[in-house]
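J.: Residue numbers (this note's numbering), protein chains in the order written: chain G, 10 to 352; chain V, 10 to 352.
Number of protein chains: 2
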Amino acid sequence: MQQPPAPPARSAGPARVTAAMVAARAGVSAATVSLVTNGKTAGRVSAENIAKVEQAVAELGYVVDGLGSSLAKGRSNIVIMVAPDVSNPFFANVIAGVRREIGQDFALLLSVTDAGRTPEPADVRRLLALRPAGLLIDAPSARFLAELRATEPTVLLDAAGIASETPSVNFDIAGGGRLLAAHLAEQGHRRVAYLDSTTGTETFRVRREAFAAEAGRLGLDVVDMQATTIDVGTAAMEFARAWPGLSARGATAVVCATDTQAYGVLQEARVAGVEIPRALAVTGFDDLPYSETSNPGLTTVHLPALEMGRLAGRRLLELMDGGAGGGALTLDSSLVVRGSTLA
Amino acid sequence: MQQPPAPPARSAGPARVTAAMVAARAGVSAATVSLVTNGKTAGRVSAENIAKVEQAVAELGYVVDGLGSSLAKGRSNIVIMVAPDVSNPFFANVIAGVRREIGQDFALLLSVTDAGRTPEPADVRRLLALRPAGLLIDAPSARFLAELRATEPTVLLDAAGIASETPSVNFDIAGGGRLLAAHLAEQGHRRVAYLDSTTGTETFRVRREAFAAEAGRLGLDVVDMQATTIDVGTAAMEFARAWPGLSARGATAVVCATDTQAYGVLQEARVAGVEIPRALAVTGFDDLPYSETSNPGLTTVHLPALEMGRLAGRRLLELMDGGAGGGALTLDSSLVVRGSTLA
DNA sequence: CTGAAAGCGCTTACAG
DNA sequence: CTGAAAGCGCTTACAG
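So this is what it looks like as structure tokens:
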């Protein structure tokens with residue numbers, strides 16, 4: 010007497026439109042549908058059938074299923090970008106550059122970690138299981154790279170200072186750091202403080218070391234402050250904490266690992282009544298838009314973010330097309346001198 | 010005489026380890042391997058076979074292929090979060106909250122657009138083709154939502170003011186806006202300027218409208234500045250441009266759509282020698298960490314970002330488990346009064 | 001408890 | 001130019 014229970018409702022909504030449904034409606038085989046949706050019709054599909062398929066696709070609202078397609082092709086159409094610090098405004102420009110190059114053909118997806126943390130091996134493994142068509146790794150740590158061992162096309166961004174076979178697009182960070190040291194020495198500074206970032210990526214190590222080495226060569230004394238996150242607030246607090254001591258020891262400049270931290274120093278110095286640049290010079294790295302309009306303007310090492318994104322995207326495209334393209338590409342950095350160091 | 014050409018080298022590196030290889034090594038079937046890697050062994054696989062499979066998995070370094078697995082299961086194990094403004098530091102906290110809830114079981118991937126832009130229909134379609142297990146949409150525009158029509162589990166974040174059947178987790182933005190208006194009226198202001206964001210999301214419309222409505226009720230006059238991106242620099246420039254006129258018309262406060270913009274106003278006001286809060290009160294929305302430590306501290310509407318991320322993640326988990334869970338959840342916002350409005 | 005088989009939705013040689 | 005078939009790497013009823 011009992012009715013068998015109704016089959017459980019599948020995920021609500023209309024059934025998924027498949028290539029087979031399109032084929033049936035167009036009166037062709039699934040193979041032909043595939044050829045058309047992949048644009049491989051040249052000399053293989055008649056104009057008539059192309060038109061039929063296109064109409065059926067439109068009528069049914071068919072979208073090629075990414076999973077089936079990727080499985081058959083052996084790779085997906087997504088490019089995963091791994092980055093430690095999405096909320097750095099600098100990074101937004103890098104992404105914009107990447108998207109501009111690969112955006113038409115691939116879906117760009119970001120894998121982010123909590124602020125200031127580097128991705129874990131487990132994260133990476135899960136990402137590779139998605140079979141990305143390519144990988145973009147921004148500001149990697151050496152440890153992370155060692156664990157990666159990805160066989161898919163990979164391009165590193167901002168990986169200066171990392172020994173790796175993987176193709177990379179870098180800034181000449183070290184050159185920028187040296188220019189910075191030379192500029193400060195020229196301005197007559199003798200003792201400067203360095204405010205590092207807590208993010209454990211190589212780029213920050215290089216920034217610091219290149220600056221410190223050149224500073225040493227020029228007779229400049231470098232004092233380390235406590236590293237902070239890339240955040241105006243924490244940098245401001247660290248400056249407030251450290252300044253009395255630094256001042257007593259005769260420091261006349263603060264070199265920050267990022268512009269964002271420099272903003273915090275500028276702000277807090279103003280609160281403390283420290284005159285910039287007369288009593289204190291302040292510098293950054295990145296050259297974010299605001300560094301031009303801040304008051305005083307911030308002297309900083311200019312890093313061409315958009316350009317880096319574009320080049321990395323283009324190289325990844327070549328790699329995914331089967332190109333070789335090894336080696337490291339280095340973009341010039343330059344020093345932009347503004348009011349924060351120039352009386 | 011000619012040797013046939015060597016087969017083209019497949020994507021370099023060792024061949025992919027498959028479940029079949031694991032099965033062969035463990036001396037079991039692929040089905041058993043699947044049961045083990047999916048943790049569905051209870052009453053279905055002997056302890057002995059579990060051990061064999063686990064050992065083979067370890068020896069071979071087998072990782073379940075996401076494409077094959079997802080295709081068979083009908084959905085992937087990725088959750089895609091769509092967001093207009095990754096580089097807003099506020100957003101980093103939302104993500105952290107989401108990850109904390111869903112991070113173990115799903116890969117969280119971000120789809121971002123260029124600063125201040127809302128995703129296009131084409132972007133969305135490509136994302137859905139990946140068959141995400143779930144979708145998280147942050148600060149959607151009404152237009153975007155109308156186009157979406159996703160059948161997969163979806164949770165909206167910060168979607169106050171959007172009429173939609175889709176479950177959502179929101180802030181009581183309107184309440185915060187009203188508290189802000191009341192506070193300024195109480196402090197004796199009669200005419201205030203409003204600095205909006207150019208990002209075309211509903212949350213900013215609601216911020217402005219709730220504030221303006223309550224302000225009107227309390228006899229406060231509201232003057233619109235030119236909206237800017239969520240960026241210290243552009244906000245600073247807009248303040249510099251607008252202040253002379255605003256001042257002449259008797260405005261005594263600037264209400265900003267975000268804390269970040271308020272920082273620009275604070276900074277530029279200081280440069281212009283405008284005393285805060287005596288000559289000008291400044292407020293924001295978000296309550297970023299820096300708003301507490303800035304000098305003066307920033308009066309702002311506190312929005313619990315981490316909490317929102319966690320709740321959204323939890324609701325999505327429920328939905329993906331087949332739960333119903335419709336309706337909108339609203340988190341209280343509150344007004345944090347600091348030195349930027351309080352003499 | 002176990003494995004053979006079908007199927008997820010495509011794409012790509014292959015034969016015609 | 002076209003379609004039937006095999007296969008991508010899994011998972012899940014099903015029969016045993």
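C-beta atoms are modelled at their ideal positions from N, C-alpha and C, and glycine is treated no differently.
Under 9 Å, Cβ to Cβ, is there at least one residue of chain V near Leu117 of chain G?
T.: Here residue 117 of chain G refers to the residue found at position 108 when the first sequence is read from its first residue. Yes, Leu117 of chain G lies at the interface with chain V (some Cβ there is under 9 Å from its Cβ).
J.: Whose C-beta lies closer than 6 Å to the C-beta of Val164 of chain G among residues of the same chain, with five residues either side of it excluded?
T.: As a first step, residue 164 of chain G must be located in the first sequence, where it is residue number 155. The residues are Leu145, Pro176, Ala321, Arg324, Leu325.
J.: Examine chain V for any beta-carbon lying closer than 9 Å to the beta-carbon of Ile171 of chain G, and answer yes or no.
T.: Along the first sequence, read from residue 1 onward, the residue named residue 171 of chain G stands at position 162. Chain V contact via Cβ: absent.
J.: I need the straight-line Cα distance from Asp248 of chain V to Gly273 of chain G, nearest angstrom please.
T.: In the second sequence, residue 248 of chain V corresponds to position 239, counting from 1. In the first sequence, residue 273 of chain G corresponds to position 264, counting from 1. Reading the sequence as shown, one finds Phe at residue 248 of chain V and not Asp. Straight-line Cα distance between these residues: approximately 20 Å.
J.: What residues from the stretch 94 to 109 of chain G come within 8 Å of chain V, judged by C-beta to C-beta, listed N to C?
T.: Those residues of the stretch 94 to 109 of chain G that come within reach of chain V (Cβ to Cβ, closer than 8 Å) are Val95, Ser96, Asn97, Pro98, Phe100, Ala101, Ile104, Ala105, Arg108.
J.: Rounded to whole angstroms, what is the Cα-Cα separation between Gly186 of chain V and Val310 of chain V?
T.: The residue you call residue 186 of chain V lines up with position 177 of the second sequence. The residue you call residue 310 of chain V lines up with position 301 of the second sequence. The straight-line gap from Cα to Cα measures roughly 7 Å.
J.: Quick one: what does DSSP say Ser206 of chain G is sitting in, helix, strand or coil?
T.: Residue numbering aside, residue 206 of chain G sits at position 197 when the first sequence is read from its first letter. Three-state result, Ser206 of chain G: strand.
J.: Are the CB atoms of Pro162 of chain G and Gly143 of chain G within a distance shorter than 9 Å?
T.: Here the question's residue 143 of chain G lines up with position 134 in the first sequence. Here the question's residue 162 of chain G lines up with position 153 in the first sequence. Contact: yes.
J.: Output needed for Ser43 of chain V: all residues of its chain with C-beta closer than 7 Å, excluding positions within five of it in sequence on either side, in chain order.
T.: Here residue 43 of chain V corresponds to residue number 34 of the second sequence, with the count starting at 1. These residues qualify, in order along the chain: Ala28.
J.: In terms of alpha-carbon separation, which member of G:Ile87, G:Asp123, G:Ala168 lies closest to Gly116 of chain G?
T.: For the purposes of this step, residue 116 of chain G is taken as residue 107 along the first sequence, with counting starting at 1. Here the sequence assigns Ala to residue 116 of chain G, which means Gly is not the residue at that position. Cα-wise, what sits closest to Ala116 of chain G is G:Ile87.
J.: Three-state secondary structure (DSSP) at Thr350 of chain V?
T.: Counted from its first residue, the second sequence places residue 350 of chain V at position 341. Here Thr350 of chain V sits in coil by DSSP.
J.: Does any residue of chain V have a CB that is nearer than 9 Å to the CB of Asp123 of chain G?
T.: Here residue 123 of chain G refers to the residue found at position 114 when the first sequence is read from its first residue. Answer yes: the Cβ-Cβ gap between Asp123 of chain G and chain V drops below 9 Å somewhere.
J.: Chain V partners of Val279 of chain G, CB-CB under 7 Å?
T.: Counted from its first residue, the first sequence places residue 279 of chain G at position 270. One point to set straight first is that residue 279 of chain G is Arg, not Val, in the sequence displayed. Those within 7 Å of Arg279 of chain G in chain V are Arg279.
J.: So, with DSSP's three-state summary, where would you put His192 of chain V?
T.: Looking up residue 192 of chain V in the second sequence gives position 183. Here His192 of chain V sits in helix by DSSP.
J.: Cα separation between Ile104 of chain V and Pro298 of chain V?
T.: By 1-based counting over the second sequence, the position of residue 104 of chain V is 95. By 1-based counting over the second sequence, the position of residue 298 of chain V is 289. Using only the alpha carbons, I get a separation of about 16 Å.
J.: Is the closest heavy atom of the ligand ZN to the C-beta of Ser342 of chain G under 8 Å?
T.: Among the ligands in the structure shown, none appear at all, so the ligand ZN cannot be discussed.
J.: Could you name each continuous beta strand (DSSP E) segment of 3 residues or more that falls completely within the stretch 88 to 152 of chain G, going from the start of the chain to the end?
T.: Fully enclosed beta strand (DSSP E) runs of 3 or longer: 116 to 121, 143 to 147.
J.: Pull out every residue of the stretch 281 to 300 of chain G whose Cβ sits closer than 7 Å to any Cβ of chain V, in chain order.
T.: If the cut-off is 7 Å between Cβ atoms, the stretch 281 to 300 of chain G has Pro298, Tyr299 near chain V.
J.: In three-state DSSP terms, what is Val37 of chain V?
T.: Working through the second sequence from its first residue, we reach residue 37 of chain V at position 28. If DSSP states are grouped into helix, strand and coil, Val37 of chain V belongs with coil.
J.: Closer than 7 Å, Cβ to Cβ, to anything on chain V: give me those residues from the stretch 56 to 80 of chain G, in chain order.
T.: Cβ contacts with chain V come from Val72, Val73, Asp74, Gly75, Leu76, Gly77, Ser79, Leu80.
J.: Pull up the DSSP beta-bridge partners for Pro179 of chain V, would you.
T.: Residue mapping note: residue 179 of chain V aligns to position 170 of the second sequence, counting from 1. The identity of residue 179 of chain V in the sequence shown is Asn, whereas the question assumes Pro. DSSP, once it has assigned bridges, lists V:Thr339 as partnering Asn179 of chain V.
J.: Chain G partners of Thr163 of chain V, CB-CB under 9 Å?
T.: For the purposes of this step, residue 163 of chain V is taken as the residue at position 154 of the second sequence. Chain G residues near Thr163 of chain V: none, gap ~12 Å exceeds 9 Å.
J.: Determine, for Gln235 of chain V, whether the minimum Cβ-Cβ distance to residues of chain G falls below 9 Å.
T.: Looking up residue 235 of chain V in the second sequence gives position 226. No, its Cβ sits nowhere closer than 9 Å to a Cβ of chain G.
J.: Between the C-alpha atoms of Met246 of chain G and Gly282 of chain G, what's the straight-line distance to the nearest angstrom?
T.: Residue numbering aside, residue 246 of chain G sits at position 237 when the first sequence is read from its first letter. Residue numbering aside, residue 282 of chain G sits at position 273 when the first sequence is read from its first letter. Taking the straight line joining both Cα atoms gives about 15 Å.
J.: If contacts are defined as beta-carbon pairs under 8 Å, then Leu69 of chain G and Val45 of chain G qualify, I think. What distance do you get, rounded to the angstrom?
T.: Position 60 of the first sequence, counted from the start, is the residue given in the question as residue 69 of chain G. Position 36 of the first sequence, counted from the start, is the residue given in the question as residue 45 of chain G. Not really, about 13 Å apart at Cβ, beyond 8 Å.
J.: From the DSSP secondary-structure annotation, give me the bridge partner or partners of Asp233 of chain G.
T.: What you label residue 233 of chain G is simply residue 224 of the first sequence in a count that begins at 1. According to DSSP, Asp233 of chain G bridges with G:Tyr203.
J.: State yes or no: is the C-beta of Glu149 of chain V within less than 9 Å of the C-beta of Thr238 of chain V?
T.: What you label residue 149 of chain V is simply residue 140 of the second sequence in a count that begins at 1. What you label residue 238 of chain V is simply residue 229 of the second sequence in a count that begins at 1. Just to set this straight, residue 149 of chain V is Pro in the shown sequence, not Glu. Not in contact: Pro149 of chain V and Thr238 of chain V (Cβ atoms no closer than 9 Å).
J.: By Cβ distance below 7 Å, which residues in the same chain neighbour Gly336 of chain V in space, the five residues on each side in sequence not counted?
T.: In the second sequence, counting from the first residue as 1, residue 336 of chain V sits at position 327. Pro176, listed in sequence order.
J.: Can you find a CB in chain G that lies within less than 9 Å of the CB of Ile89 of chain V?
T.: Stepping through the second sequence from its first residue, residue 89 of chain V is reached at position 80. Output row for Ile89 of chain V: interface = yes.
J.: For the alpha helix (DSSP H) that contains Ala245 of chain G, what are its first and last residues?
T.: Position 236 of the first sequence, counted from the first residue, corresponds to residue 245 of chain G. Note, Ala245 of chain G: alpha helix (DSSP H), 241 to 257.
J.: Out of V:Asn97, V:Arg108, V:Tyr71, V:Leu76, point me to the one whose CA is closest to Ile89 of chain V's CA.
T.: On the second sequence, residue 89 of chain V is found 80 positions in, with the first residue counted as 1. Ranking the options by Cα distance to Ile89 of chain V, first place goes to V:Arg108.
J.: Shortest alpha-carbon distance to Glu284 of chain G belongs to which of G:Thr350, G:Arg319, G:Glu195?
T.: For the purposes of this step, residue 284 of chain G is taken as residue 275 along the first sequence, with counting starting at 1. The option with the nearest alpha carbon to Glu284 of chain G is G:Thr350.
J.: Within the chosen definition, does the stretch 285 to 292 of chain G reach the stretch 257 to 272 of chain G through at least 3 CB pairs nearer than 8 Å?
T.: Short answer: they touch.
J.: What are the boundary residues of the beta strand (DSSP E) that includes Thr163 of chain G?
T.: Sequence index remark: in the first sequence, residue 163 of chain G carries index 154 (1-based). Looking at the DSSP string, the run of the beta strand (DSSP E) that includes Thr163 of chain G is 163 to 166.
J.: For Gly293 of chain V, does the three-state DSSP call read helix, strand or coil?
T.: Counting from one through the second sequence, the residue named residue 293 of chain V turns up at place 284. The answer is strand: DSSP assigns Gly293 of chain V an E or B state.
J.: Check Val345 of chain G in the structure and name its three-state DSSP category.
T.: Residue mapping note: residue 345 of chain G aligns to position 336 of the first sequence, counting from 1. Residue state, collapsed to three classes: strand.
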